[in-house]
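As structure tokens, the structure follows; a few thoughts come after it.
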Amino acid sequence: MPSATDTVEAARRPERAILSALTHGAGELGGNLAAVVVPNLRDLEETARSTAISG
Numbered sequence: 001m002p003s004a005t006d007t008v009e010a011a012r013r014p015e016r017a018i019l020s021a022l023t024h025g026a027g028e029l030g031g032n033l034a035a036v037v038v039p040n041l042r043d044l045e046e047t048a049r050s051t052a053i054s055g
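Structure, rendered in structure tokens:
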């Protein structure tokens, strides 16, 4: 699992960014990963909610 440090890619694929943070978050990139992942959590929640409602 590559480290998700690109905010654009993290916004496009937030689930991968979360997995990256879980995998690499305890290392030296932890702060950078959190800065990339956290802003996208709300979008992921909204996407999951709209999928559940429409599905």
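Each step along the sequence shown adds one to the number in the UniProt record's numbering, with nothing skipped, and position 28 is 28. Built from N, CA and C at the ideal position, the CB exists for glycine as well. The structure presented is a predicted model; accordingly, all values stated were derived computationally and were not measured.
Assign residue i to one of three DSSP states: helix, strand, or coil.
i	result
residue 29	coil
residue 16	helix
residue 6	coil
Let me confirm a value: residue i is counted as buried when at least 16 other C-beta atoms fall within 10 Å, else exposed. Which label applies?
i	result
residue 22	exposed
residue 38	exposed
Under the assumption that residue i contacts residue j (Cβ atoms under 8 Å), give the Cβ distance between them as a whole number of angstroms.
i	j	result
residue 33	residue 15	Not confirmed; about 14 Å, so no contact.
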